[in-house]
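Numbering (this note's numbering), first residue to last: 477 to 804. In this text, a Cβ means the ideal position worked out from N, Cα and C, and glycines have one as well. Predicted model only: the values in this text are computed from it and were never measured.
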């Protein structure tokens, strides 16, 4: 093509306009690359995808949440969004809280409920806590025609964290305990996935005093870390499931002494009733206020700061015993 577009007799006015536009774009193609319309802001683009996917989160609600591009990307190159609620100037927060949803892409409610809680924080934020919120840690898993647990590489992100003995334990566990279940594939190497590394970097940068990770559909509270486990958040009662190679609770709670509360909602595809959403929120905030940060946690971190690199002491937690506690 030489950039000349022939307009046939009888072409409509709109047709002539389109052909004229094509004539303008042809030279750009000839210069060595197809013309692309500049993409919208990645946070806006992701909100449109989330709003189209989730029946309980509208595009408008997502856009109004104040999410920004964290700079991290998924395996398929999608933006991982974050919302930060720092304390007002001059106020020292009681604790830094990292709230994460959607580590598993087929657990819709774990994403949706985080949006509901962001609305509460936005209305009532006083600076008591400094919040960092990642409502969708695995966009590749959720934002596809048929959502799935794993990321774009087929890896279970909650088995991909570099916990002690990962190389030996993770594959053995996957083969013997899950019988090579592809939904629980831990990955070719520890921290092989960009989403895993993004969460690790966020933990290292933000230094949270507690991590709240939302999942579904077991309907319980699991816990890893130094203070006493919460007895209940709303209708979720404490039931400790044990540690797993490569899990976030093992990585942050057991090995780094950061309390990790795993909230397992009862259903992956059905939201809790509004009353329970508020009860869980109220109980969670109350527990954080009363238990975080703990003096023993702060002393542990001080020792870690002074410890030579590469040496991480074994931290005992309730889940090291791999016991299941009866519902309280």
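Buried/exposed call for residue 559, threshold 16 Cβ in 10 Å: Translated into the one-based positions of the chain shown, residue 559 becomes position 83. Buried, since its Cβ has 16 or more Cβ neighbours within 10 Å.
Helix, strand or coil for residue 699, going by three-state DSSP, please let me know. Position 223 of the chain shown, counted from the first residue, corresponds to residue 699. Here residue 699 sits in strand by DSSP.
Does DSSP put residue 457 in a helix, in a strand, or in coil? Residue numbering for the chain in the displayed model covers 477 to 804; residue 457 lies beyond these limits and cannot be assessed.
So, at 8 Å on beta carbons, what are the nonlocal neighbours of residue 781 in its own chain, with the 5 sequence-adjacent residues on each side left out? Locating residue 781 in the chain shown gives position 305, counting from the first residue. In this predicted model, residue 781 has a pLDDT of only 49, less than 50, meaning its place in the structure is not dependable; the value taken from the coordinates is given anyway. For residue 781, where only same-chain residues beyond five positions count, there are no Cβ hits under 8 Å.
Under a three-way DSSP split, which group does residue 680 fall into? Position 204 of the chain shown, counting from 1, holds the residue named residue 680. Residue 680: helix per DSSP, three-state reduction.
Contact check, residue 583 vs residue 633 under 8 Å by CB: the rounded distance? The residue you call residue 583 lines up with position 107 of the chain shown. The residue you call residue 633 lines up with position 157 of the chain shown. That belief does not hold up - the Cβ atoms of residue 583 and residue 633 are roughly 12 Å apart, past 8 Å.
Going by the beta-carbon positions, is the gap between residue 720 and residue 752 smaller than 9 Å? Looking up residue 720 in the chain shown gives position 244. Looking up residue 752 in the chain shown gives position 276. Cβ atoms of residue 720 and residue 752: not closer than 9 Å.
On the CB-based measure, 16 or more other CB atoms within 10 Å of its CB, does residue 621 come out buried or exposed? Residue 621 sits at position 145 when you count from the first residue of the chain shown. Exposed: under 16 other Cβ atoms inside 10 Å.
With a Cβ-Cβ cutoff of 9 Å, do residue 589 and residue 577 count as a contact? By 1-based counting over the chain shown, the position of residue 589 is 113. By 1-based counting over the chain shown, the position of residue 577 is 101. Cβ distance < 9 Å, so residue 589 and residue 577 count as in contact.
DSSP has residue 607 in a bridge; who is on the other side? Walking along the chain shown from the start, residue 607 turns up at place 131. Looking at the DSSP assignment, residue 607 forms a beta bridge with 561, 573.
Does the pairing of the segment 548-558 with the segment 521-532 give three or more beta-carbon distances under 8 Å? yes
Can we count residue 536 as close to the ligand COA, meaning its CB is less than 8 Å from some heavy atom? The model depicted lacks the ligand COA and carries no ligand whatsoever.
Do you know how far the Cα of residue 716 is from the Cα of residue 450? There is no way to answer for residue 450, as the model of the chain reaches only from 477 to 804.
Bridge partners of residue 548, per DSSP? Along the chain shown, read from residue 1 onward, the residue named residue 548 stands at position 72. Residue 548 pairs with nothing; no bridge assigned.
Please report the straight-line C-alpha distance between residue 750 and residue 664, rounded to a whole angstrom. In the chain shown, counting from the first residue as 1, residue 750 sits at position 274. In the chain shown, counting from the first residue as 1, residue 664 sits at position 188. C-alpha separation (whole angstroms): 41 Å.
Presumed contact (8 Å Cβ cut-off) between residue 747 and residue 585, rounded CB distance: If you number the chain shown from 1, residue 747 lands on position 271. If you number the chain shown from 1, residue 585 lands on position 109. Indeed they touch by this definition, with Cβ atoms about 5 Å apart.
6 Å Cβ shell around residue 542 - same chain, five flanking residues per side excluded: Working through the chain shown from its first residue, we reach residue 542 at position 66. Counting only Cβ-Cβ distances below 6 Å, and skipping sequence neighbours, we find 559.
Give the single residue among 579, 630, 623, 619 whose Cα lies nearest to the Cα of residue 611. As a working mapping, residue 611 is identified with position 135 in the chain shown. Residue 579 is the option with its Cα nearest to residue 611.
Assigned secondary structure, residue 732 (DSSP; H/G/I helix, E/B strand, else coil): Your numbering for residue 732 matches position 256 in the chain shown. Residue 732 falls in the coil class under three-state DSSP.
Whose CA, out of 587, 684, 614, lies closest to the CA of residue 606? As a working note, residue 606 is residue 130 in the chain shown. Checked all of 587, 684, 614; the closest Cα to residue 606 is 684.
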